[in-house]
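Chemist: Under UniProt numbering, the very last position in the sequence shown is 581; numbers go up by exactly one each time.
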Amino acid sequence: MRKDQRSMKEESKKMQSPCLEEVSQGCLHGCCPSPFLNQHEPQTKASKPRNSSAACRRDFASKTTSSIFPNTQFINHESLPSMQDSFTEFTKAYPQYSDTYRVDQIRSREYYHLSFSDHTCLDYLGIGLFSYSQLQKQECPKYRIASSSFPVPPESPPPVLDIPFFGVSYKPGNLKTQLLHGGVASEFESVIRKRIMSFLNVSENDYSMVFTANKTSAFKLVAESYPFQSNRKLLTVYDYESEAIEAMSNSSEKNGAKVMSAEFSWPRLRLQSSKLRNMLVSKEKKKKKKKRRGLFVFPLHSRMTGARYPYLWMSIAEENGWHVLIDSCALGPKDMDSFGLSLFRPDFLICSFYKVFGENPSGFACLFAKKSTIPVLEISSTSGIIGLIPPQKLFRAVTESPGTDTEVENLASQSGRIEKGKTTYEIQHAEIVEKLKGIEMSEVSESDKSIEMECRGLDEVDSLGLVTISSRARCLINWLVSALLKLQHPNTNGTPLVRIYGPKVKFDRGPAIAFNVFDWKGEKIEPVLVQKLADRSNISLSYGFLHHIWFADKYQEEKEKVIERRNNEADGNKGKDKSVS
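#1: Answer yes or no: do residue 234 and residue 294 have a C-beta to C-beta separation smaller than 9 Å?
#2: Would a C-beta distance cut-off of 9 Å place residue 387 and residue 211 closer than the cut-off?
#3: Between residue 68 and residue 90, how many whole angstroms is the CB-CB distance? I'm expecting something under 8 Å.
#4: From which residue to which residue does the alpha helix (DSSP H) around residue 281 run?
#5: Per the DSSP calculation, residue 550 is bridged to which residue(s)?
#6: Which full runs of the alpha helix (DSSP H) of 4+ residues lie inside the segment 323 to 367, going along the chain?
#7: Report yes if the CB atom of residue 352 is closer than 9 Å to the CB atom of residue 366, and no otherwise.
#8: Return the chain-ordered list of same chain residues with a C-beta closer than 7 Å to the C-beta of residue 565, the five sequence neighbours on each side being excluded.
#9: Does the structure place the segment 497 to 511 close enough to the segment 469 to 479 that three or more beta carbon pairs sit under 8 Å?
#10: Beta-carbon separation of residue 301 and residue 373 under 9 Å?
#11: Report the rounded CA-to-CA distance for residue 329 versus residue 125, giving the unit in angstroms.
#12: Between the Cα of residue 495 and the Cα atoms of 510, 501 and 521, which residue gives the shortest distance?
#13: Who are the Cβ neighbours of residue 621 in its own chain at under 7 Å, not counting the five residues just before and after it?
#14: Give the single residue among 319, 364 and 542 whose Cα lies nearest to the Cα of residue 346.
#15: Pick out whichever of 332, 483, 228 and 298 has its Cα sitting closest to the Cα of residue 376.
#16: Report all residues from its chain with a CB closer than 6 Å to the CB of residue 92; omit the five preceding and five following residues, and keep chain order.
#17: According to DSSP, is residue 95 part of a helix, a strand, or is it coil?
#18: Enumerate in chain order the residues of its own chain whose CB-to-CB distance from residue 140 is below 7 Å, with the five nearest sequence positions on each side excluded.
#19: Starting from residue 69 and walking both ways along the beta strand (DSSP E), at which residues does that stretch end?
#20: Quick one: measure Cβ to Cβ for residue 460 and residue 176, integer angstroms, because I've assumed they're closer than 8 Å.
#21: Within 10 angstroms of its Cβ, does residue 434 collect 16 or more other Cβ (buried), or is it exposed?
#22: Count the other CB atoms within 10 Å of the CB of residue 121; is the residue buried (16 or more) or exposed (fewer)?
#23: Roughly how many angstroms lie between the CA atoms of residue 492 and residue 529, to the nearest whole one?
#24: Would you be able to state if there are at least three C-beta pairs under 8 Å between the segment 256 to 265 and the segment 188 to 208?
#25: Taking one C-beta from the segment 542 to 561 and one from the segment 233 to 247 each time, how about it: are there three or more such pairs within less than 8 Å?
#26: Whole angstroms are fine: how far does the CA of residue 343 sit from the CA of residue 483?
#27: Straight-line CA distance for residue 192 to residue 385?
#28: Just the Cα atoms here: how many angstroms apart are residue 501 and residue 551?
#29: To the nearest whole angstrom, what separates the beta carbons of residue 251 and residue 223, a pair I think is in contact under 8 Å?
#30: Identify which residue in 337, 313 and 513 has its Cα closest to the Cα of residue 465.
#31: Is it buried or exposed, residue 172, if we count other Cβ atoms within 10 angstroms and call 16 or more buried?
#32: According to DSSP, simplified to helix, strand and coil, what is residue 127?
#33: Which same chain residues, not among the five before or five after residue 292, have their C-beta less than 6 Å away from its C-beta?
#34: On the criterion of 16 or more Cβ atoms from any shown chain inside 10 Å, does residue 535 qualify as buried, or is it exposed?
#35: So residue 371 and residue 207 are supposed to be a Cβ contact under 8 Å. How far apart are they, rounded?
Okay, here's the thing in structure tokens:
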């Protein structure tokens with residue numbers, strides 16, 4: 001057992017992407033950015049010898065724990081440090097945070113609406129195609145940026161346009177046909193597809209792509225089309241309940257699949273490696289041609305706990321005859337650069353693009369399929385594939401429509417911006433033309449044959465690069481972990497206010513934290529209540545349920561409490577609508 005684990009670690013290091021090594025080496029020599037917007041580019045410093053990756057990781061963890069209010073616990077709101085004191089401690093732990101100052105400049109220039117909202121958004125993991133400033137009217141002097149080299153945000157909240165950047169419409173046909181032949185697509189849609197594939201480093205020669213309504217639709221499409229009658233198994237690696245995976249599992253079971261899942265050890269939620277290996281590795285002796293065993297669904301890290309999983313599992317799955325689906329929806333903006341599609345070529349890849357505080361349509365998902373794998377798919381009738389409609393066409397249809405109730409509802413489902421009961425005659429043509437001026441997209445010809453479009457959100461991410469974004473996120477998430485762990489109840493001999501599940505302070509953890517809040521008696525406060533209390537302070541949190549957890553004998557009592565609580569929650573939710581988190 002120990003020998004297997006040691007060999008897996010060694011193999012994992014060998015297969016680590018060069019980009020990951022670059023990030024590791026850059027962590028302490030350029031970790032994080034300053035929130036002071038008037039900070040200019042730091043002066044060139046004397047070069048220091050670079051440490052090894054392992055030493056860098058150890059130094060990062062030790063500096064986090066020893067530099068941020070060391071040996072200090074906060075027992076009430078009066079003991080909490082000021083913002084300035086917190087930032088001082090933060091910069092002690094991460095002295096090179098200011099090297100990512102460009103992130104603050106881009107936020108001030110392109111996403112200044114976030115500051116006006118006075119809202120702390122801690123429930124967002126996503127990437128937006130466009131920046132917020134692209135949605136504003138450029139001709140309005142009040143909201144015009146004073147300088148391209150240094151942004152000056154407006155003094156009051158900018159107006160919100162009543163039109164989307166694009167609309168969506170559902171496409172008929174099945175997944176296999178769409179992947180093989182493409183179907184009808186506007187130039188607008190083709191431009192966005194090419195830009196996304198370029199951003200993710202996915203080759204058009206090797207992969208085909210379709211847009212789907214959301215992440216759940218993408219997973220369900222694969223489940224409905226995959227040949228589970230011959231390749232019987234579905235194996236997933238998720239430590240939390242996921243609507244998308246649940247939909248996929250249900251569809252797969254109906255098509256004859258045996259659904260299995262990896263397990264995670266309580267309370268650190270570490271992946272049970274030996275069990276997963278046993279499920280992946282074929283016990284049959286090598287034959288002339290390997291029979292496909294099924295579909296292996298692998299998230300590169302948990303969007304619940306932030307735990308990252310070794311890429312080695314993909315290679316083990318491929319070597320043992322599994323088709324591999326990579327869920328990259330929880331990845332950071334440039335994490336695909338570290339994935340290395342030149343080394344790993346999954347059969348399927350799913351990602352999503354969503355806006356912060358997004359208007360409808362807030363986004364969509366993308367489903368990629370390796371061209372050599374598409375022929376094994378079966379014909380299915382599941383809906384979920386969408387097309388993207390340019391705003392010009394969307395509102396041209398509105399103004400030219402006779403205004404029947406059916407057409408209004410259809411257009412409402414396409415754009416997500418037209419209210420029920422609002423007739424098309426209420427939308428004035430002149431008003432639409434005026435609002436369309438603010439969209440940074442120019443049509444060279446009226447027939448949509450040639451479109452120039454700027455996906456500024458993706459361009460900004462590309463300009464920042466993997467090292468800058470990863471370093472900033474790494475410092476911020478580990479600072480938050482450290483801060484939460486310092487909260488205690490008074491007069492209770494160190495009873496913690498917060499309990500974190502999964503990785504804590506760690507160099508290569510993901511940007512998500514799973515935690516519970518407890519009262520002074522040690523009783524858990526219900527996550528729904530915590531979420532409501534956070535909402536009162538304009539802090540957005542999401543909540544969910546851990547899943548596929550394995551309890552050792554010493555945690556048996558805790559396991560029984562968890563099961564009892566879940567059963568009570570299930571009984572209480574019968575007949576009630578699910579709340580939106």
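Note that CB positions come from ideal geometry on N, CA and C, so glycine has one too.
Modeler: Inspection of the coordinates gives the following:
#1: Within the sequence shown, numbered from 1, the residue matching residue 234 stands at position 234. Within the sequence shown, numbered from 1, the residue matching residue 294 stands at position 294. Cβ distance < 9 Å, so residue 234 and residue 294 count as in contact.
#2: Looking up residue 387 in the sequence shown gives position 387. Looking up residue 211 in the sequence shown gives position 211. Yes, the Cβ-Cβ distance between residue 387 and residue 211 is below 9 Å.
#3: For the purposes of this step, residue 68 is taken as the residue at position 68 of the sequence shown. For the purposes of this step, residue 90 is taken as the residue at position 90 of the sequence shown. At roughly 7 Å, the Cβ-Cβ gap stays under 8 Å, so residue 68 and residue 90 are in contact.
#4: Walking along the sequence shown from the start, residue 281 turns up at place 281. First-last for residue 281: undefined, no H or E at that position.
#5: Along the sequence shown, one-based indexing puts residue 550 at 550. Paired residues: 265.
#6: 336 to 339
#7: Indexing the sequence shown from 1 puts residue 352 at position 352. Indexing the sequence shown from 1 puts residue 366 at position 366. Result yes, Cβ atoms of residue 352 and residue 366 sit closer than 9 Å.
#8: On the sequence shown, residue 565 is found 565 positions in, with the first residue counted as 1. Hits under 7 Å: none found.
#9: yes
#10: Here the question's residue 301 lines up with position 301 in the sequence shown. Here the question's residue 373 lines up with position 373 in the sequence shown. No, the pair does not count as a contact, with Cβ atoms beyond the cut-off.
#11: As a position in the sequence shown, residue 329 is number 329, starting the count at 1. As a position in the sequence shown, residue 125 is number 125, starting the count at 1. Using only the alpha carbons, I get a separation of about 8 Å.
#12: Stepping through the sequence shown from its first residue, residue 495 is reached at position 495. Out of 510, 501 and 521, 521 has the C-alpha closest to the C-alpha of residue 495.
#13: Since the first residue of the chain shown is 1 and the last is 581, residue 621 is not available in this structure.
#14: As a working note, residue 346 is residue 346 in the sequence shown. With distances taken between Cα atoms, residue 346 lies closest to 319.
#15: Position 376 of the sequence shown, counting from 1, holds the residue named residue 376. Answer by Cα proximity: 228.
#16: Position 92 of the sequence shown, counted from the start, is the residue given in the question as residue 92. Cβ within range, chain order: 67.
#17: Taking the sequence shown and counting its residues from 1, the one referred to as residue 95 is at position 95. Coil.
#18: Within the sequence shown, numbered from 1, the residue matching residue 140 stands at position 140. With a pLDDT of only 44 at residue 140, under 50, the local geometry of the prediction cannot be trusted, and the value read off the model is given with reservation. Nothing listed; no residue qualifies.
#19: Against the sequence shown, residue 69 aligns to sequence position 69. Premise fails: residue 69 is in no beta strand (DSSP E) and is neither H nor E.
#20: Stepping through the sequence shown from its first residue, residue 460 is reached at position 460. Stepping through the sequence shown from its first residue, residue 176 is reached at position 176. In fact, because the Cβ distance is near 36 Å, the residues do not count as touching under 8 Å.
#21: Start at 1 with the first residue of the sequence shown, and residue 434 comes out as number 434. Unreliable positioning characterises residue 434 in this predicted model, as indicated by a pLDDT of 47, which lies under 50. The coordinate reading is nonetheless provided below. So residue 434 ends up on the exposed side.
#22: Working through the sequence shown from its first residue, we reach residue 121 at position 121. Exposed: under 16 other Cβ atoms inside 10 Å.
#23: Along the sequence shown, read from residue 1 onward, the residue named residue 492 stands at position 492. Along the sequence shown, read from residue 1 onward, the residue named residue 529 stands at position 529. Cα-Cα distance, rounded: 23 Å.
#24: no
#25: yes
#26: Numbered from 1 along the sequence shown, position 483 holds the residue referred to as residue 483. Numbered from 1 along the sequence shown, position 343 holds the residue referred to as residue 343. So the two alpha carbons sit approximately 38 Å from each other.
#27: By 1-based counting over the sequence shown, the position of residue 192 is 192. By 1-based counting over the sequence shown, the position of residue 385 is 385. Computed Cα separation, rounded: 15 Å.
#28: Position 501 of the sequence shown, counted from the start, is the residue given in the question as residue 501. Position 551 of the sequence shown, counted from the start, is the residue given in the question as residue 551. In a straight line, the C-alpha of residue 501 is about 13 Å away from that of residue 551.
#29: Counted from its first residue, the sequence shown places residue 251 at position 251. Counted from its first residue, the sequence shown places residue 223 at position 223. The Cβ separation is near 4 Å, so the contact holds.
#30: Looking up residue 465 in the sequence shown gives position 465. Among 337, 313 and 513, the Cα nearest to that of residue 465 belongs to 337.
#31: Here the question's residue 172 lines up with position 172 in the sequence shown. Exposed, by the Cβ-count rule.
#32: Residue mapping note: residue 127 aligns to position 127 of the sequence shown, counting from 1. Residue 127: coil per DSSP, three-state reduction.
#33: Position 292 of the sequence shown, counted from the first residue, corresponds to residue 292. Contacts found: 231 and 321.
#34: Your numbering for residue 535 matches position 535 in the sequence shown. Residue 535 should be labelled exposed.
#35: Taking the sequence shown and counting its residues from 1, the one referred to as residue 371 is at position 371. Taking the sequence shown and counting its residues from 1, the one referred to as residue 207 is at position 207. With 8 Å as the limit, residue 371 and residue 207 qualify as a contact, their Cβ atoms being about 7 Å apart.
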